[in-house]
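Note sheet for the following structure.
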Amino acid sequence: MDKRIRHVDRDRDRELRDEMYRKVAKGEVTIGEAVKLMRKSSRLTQPEFAKHRAIERDVGNPTIETLNKVVKIFGLQVGFVPRPRPPDLT
Numbered sequence: 001m002d003k004r005i006r007h008v009d010r011d012r013d014r015e016l017r018d019e020m021y022r023k024v025a026k027g028e029v030t031i032g033e034a035v036k037l038m039r040k041s042s043r044l045t046q047p048e049f050a051k052h053r054a055i056e057r058d059v060g061n062p063t064i065e066t067l068n069k070v071v072k073i074f075g076l077q078v079g080f081v082p083r084p085r086p087p088d089l090t
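Numbering (the UniProt record's numbering), first residue to last: 1 to 90.
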């Protein structure tokens, strides 16, 4: 049975997406953690998301193309984000 058909808690799904966006924006999440949050918020089972499992465990080295396929369902695309500058200690 498809787990996505069961009770849908849209508020929980929205909270998971918002949490992921906040963590990504602050640089507080690894690629694997972001993929895991995306899987949970998309309501996909692990077998449905299996081809992305290595990414979720932070053991793969995905291409930009692969990452774009993963995030496409969330209306996102991989891009370059400036790193936060360390504080000036002078």
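Every residue, glycine too, gets a C-beta built ideally from N, C-alpha and C. Small disclaimer: the values here were computed from a predicted structure and weren't measured.
The beta-carbon distance between D58 and G32, rounded to whole angstroms, is 4 Å. This is short enough to meet the 8 Å contact definition. Residue state for E19 is assigned as helix, using DSSP reduced to three classes.
In this model, K72 and E65 are separated by some 10 Å (Cα to Cα). Look at G75 here: in three-state DSSP terms it is coil, with no helix or strand label.
For V70, the three-state secondary structure derived from DSSP is helix. DSSP places G32 inside the alpha helix (DSSP H), whose first and last residues are 31 to 42. Here the C-alpha atom of V81 lies approximately 23 Å from the C-alpha atom of E15.
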